[in-house]
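A.B. asks:
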Amino acid sequence: MSQKRKHASVADLEAANPTSTKKHRPFKPRKPRTDNDDKTTSANALKGRIRDLKRLLAHVENVPKHKMSAGARIERERELEASEHELAEMTAKAREGEYRRKMIGKYHQVRFFDRQKATRILKRLKKELSTTEDEAQKTELVQSIHNAQVDVSYAIYYPLMKPYSALYPKTKSGKADDAEADGDNAKDKSSDQADGPKGDVVMWRAVETAMEEGTLEGLRHSKGEVPAAPPKKDWAAKAKKSKDIEKQKRHDTAKASATREEDEDSEGGFFE
Numbered sequence: 006m007s008q009k010r011k012h013a014s015v016a017d018l019e020a021a022n023p024t025s026t027k028k029h030r031p032f033k034p035r036k037p038r039t040d041n042d043d044k045t046t047s048a049n050a051l052k053g054r055i056r057d058l059k060r061l062l063a064h065v066e067n068v069p070k071h072k073m074s075a076g077a078r079i080e081r082e083r084e085l086e087a088s089e090h091e092l093a094e095m096t097a098k099a100r101e102g103e104y105r106r107k108m109i110g111k112y113h114q115v116r117f118f119d120r121q122k123a124t125r126i127l128k129r130l131k132k133e134l135s136t137t138e139d140e141a142q143k144t145e146l147v148q149s150i151h152n153a154q155v156d157v158s159y160a161i162y163y164p165l166m167k168p169y170s171a172l173y174p175k176t177k178s179g180k181a182d183d184a185e186a187d188g189d190n191a192k193d194k195s196s197d198q199a200d201g202p203k204g205d206v207v208m209w210r211a212v213e214t215a216m217e218e219g220t221l222e223g224l225r226h227s228k229g230e231v232p233a234a235p236p237k238k239d240w241a242a243k244a245k246k247s248k249d250i251e252k253q254k255r256h257d258t259a260k261a262s263a264t265r266e267e268d269e270d271s272e273g274g275f276f277e
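Just so you know, we're using this note's numbering here: the sequence shown kicks off at 6 and counts up by one.
#1: If you reduce the DSSP assignment to three classes, tell me which class Val147 lands in.
#2: How many whole angstroms separate the CB atoms of Val212 and Tyr162, which I take to be in contact at a CB cut-off of 8 angstroms?
#3: May I have the straight-line CA-CA distance separating Leu62 from Lys52, to the nearest angstrom?
#4: Along the chain, where does the alpha helix (DSSP H) containing Thr136 start, and where does it finish?
#5: Rounding to the nearest angstrom, what Cα-Cα distance links Val68 and Arg60 in this structure?
#6: Is it true that the CB of Ser227 sits closer than 7 angstroms to the CB of Pro164?
#7: Is it buried or exposed for Asn49, if we count other Cβ within 10 angstroms and need 16 for buried?
#8: Would you tell me roughly how many angstroms separate the C-alpha atoms of Thr144 and Gln154, rounded to the nearest one?
#9: Helix, strand or coil, according to DSSP, for Glu185 in the structure here?
#10: Measuring CB to CB, does Asn152 end up less than 7 angstroms from Asp200?
#11: So what's Leu221 in DSSP terms, helix, strand or just coil?
#12: Going by beta carbon distance, what residues of the same chain come within less than 8 angstroms of Thr258, once the five residues before and after it are set aside?
#13: Report the three-state DSSP secondary structure of Leu61 (helix, strand or coil).
#14: Within its chain, find whatever has a CB closer than 8 angstroms to the CB of Arg78; leave out the 5 residues flanking it on each side and keep chain order.
#15: Going by alpha carbons, who is nearest to Glu84 out of Asp57, Ser158, Met208?
#16: Starting from the C-beta of Ile109, find all residues in its chain whose C-beta is less than 7 angstroms away, skip the five residues before and the five after it, and write them out in chain order.
#17: For Ala123, which of Ser158, Lys111, Leu146 has the nearest alpha-carbon?
#18: If you draw a straight line from the C-alpha of Glu80 to the C-alpha of Ile250, how long is it?
#19: Can you tell me whether Ser262 is helix, strand or coil according to DSSP?
#20: How would you call Ser326, buried or exposed, if buried means at least 16 neighbouring beta carbons within 10 angstroms?
#21: Does DSSP put Ser227 in a helix, in a strand, or in coil?
#22: Secondary structure at Asp156, three-state DSSP: helix, strand or coil?
#23: Could you give the DSSP three-state label for Pro168: helix, strand or coil?
#24: Tell whether a beta-carbon distance below 7 angstroms holds between Ser149 and Leu130.
#25: For Ala263, collect the residues of the same chain with a Cβ closer than 6 angstroms to its Cβ; drop the 5 residues on either side in sequence, then sort them by chain order.
#26: Mark Asp139 as exposed unless 16 or more other C-beta atoms lie within 10 angstroms of its C-beta, in which case mark it buried.
Following this line, the structure appears as structure tokens:
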């Protein structure tokens, strides 16, 4: 008669074979849904609804026995028009956001260097103003400080949706007047010779006005002109064109082969 295994024996077996114990997988939280995911989902849902409405209206138009009432048809047509309008707005907004991100990334570095350089010049001018006692020089420094403050605001609040025009563009030799050290006053003084409006002069004046009116944030986030969407590729026409080219190639190959065979036959008849 078999005997029951003691608890001590089970414990000994588990200790001798530790790999038999079940391993728990580490907890991996799911990635949170982003606004872009929600926008993509809603856009796809709108496209599906528009497609269904178009099919429904085409079906009731072509199948007399499924014809719907005038009121129901008008309601569906209005829903289709509203859905198409909403999708167009959503697409335009998505394109605008994509263009905005592209422009920010494209001009981030040059804006950063302009801001650093303008800030350094502003600090130097303020330091000179605090140490000088010449009234005429003080008047000039006050105006230069104002211009330097506009330069700093220009680099920060230039509209994000517009192509950025640098305050300190590259020289003809290809070397940029980039920021290096706070004590590099000689380079700052040489670049400060163009005191006053610089870069995009019209935008520089607009920044100066916005500073006085307190509307710099509005200027920075003002909407620019988004380039038109590229035309959709006509895949059907492209496929037809490639098919015609392939057909023409086969025709030319067959014609050349037939011509070659005729030449061989004629040569054989001549020597017979």
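We put the CB at the ideal spot given by N, CA and C, even for glycine. Here the structure is a predicted model, which is why all the values come from computation and not from measurement.
C.D. replies: In this structure, then:
#1: DSSP places Val147 in the helix class (H, G or I) of the three-state scheme.
#2: Distance from Val212 to Tyr162 at the Cβ level is roughly 6 angstroms; contact confirmed, criterion being Cβ atoms closer than 8 angstroms.
#3: Answer to the nearest angstrom: the Cα atoms are 16 angstroms apart.
#4: Taken as a continuous stretch (DSSP letters only), the alpha helix (DSSP H) holding Thr136 covers 75-136.
#5: Val68 and Arg60: Cα-Cα distance of roughly 12 angstroms.
#6: Cβ atoms of Pro164 and Ser227: closer than 7 angstroms.
#7: Asn49 should be labelled exposed.
#8: The alpha-carbon atoms of Thr144 and Gln154 are separated by roughly 16 angstroms.
#9: Caution is warranted here: a pLDDT of 45 is assigned to Glu185, below 50, making its placement in the model unreliable, and the coordinate value is therefore given only provisionally. Of the three classes helix, strand and coil, the one that applies to Glu185 here is coil, per DSSP.
#10: For Asn152 and Asp200, yes; Cβs fall inside 7 angstroms.
#11: DSSP places Leu221 within a helical segment (H, G or I) once states are collapsed to three.
#12: None.
#13: In the structure shown, Leu61 sits in a helix (DSSP, three-state: H, G or I).
#14: Contacts found: Leu62, Val65.
#15: Checked all of Asp57, Ser158, Met208; the closest Cα to Glu84 is Asp57.
#16: Sequence-distant partners of Ile109 (beyond 5 residues in either direction) whose C-beta falls short of 7 angstroms from its own C-beta, in its chain, are Leu165.
#17: If we check each option's Cα against that of Ala123, Ser158 comes out closest.
#18: Glu80 and Ile250: Cα-Cα distance of roughly 48 angstroms.
#19: DSSP places Ser262 in helix when its eight states are reduced to three.
#20: With the chain running from 6 to 277 in the structure shown, residue 326 is simply not present.
#21: Ser227 falls in the coil class under three-state DSSP.
#22: In the structure shown, the three-state DSSP call for Asp156 is helix.
#23: Of the three classes helix, strand and coil, the one that applies to Pro168 here is coil, per DSSP.
#24: Contact: yes.
#25: Closer than 6 angstroms at the Cβ level, and outside the excluded window around Ala263, lies no residue.
#26: Within a 10 Å sphere around the beta-carbon of Asp139 sit fewer than 16 other beta-carbons, which makes this residue exposed.
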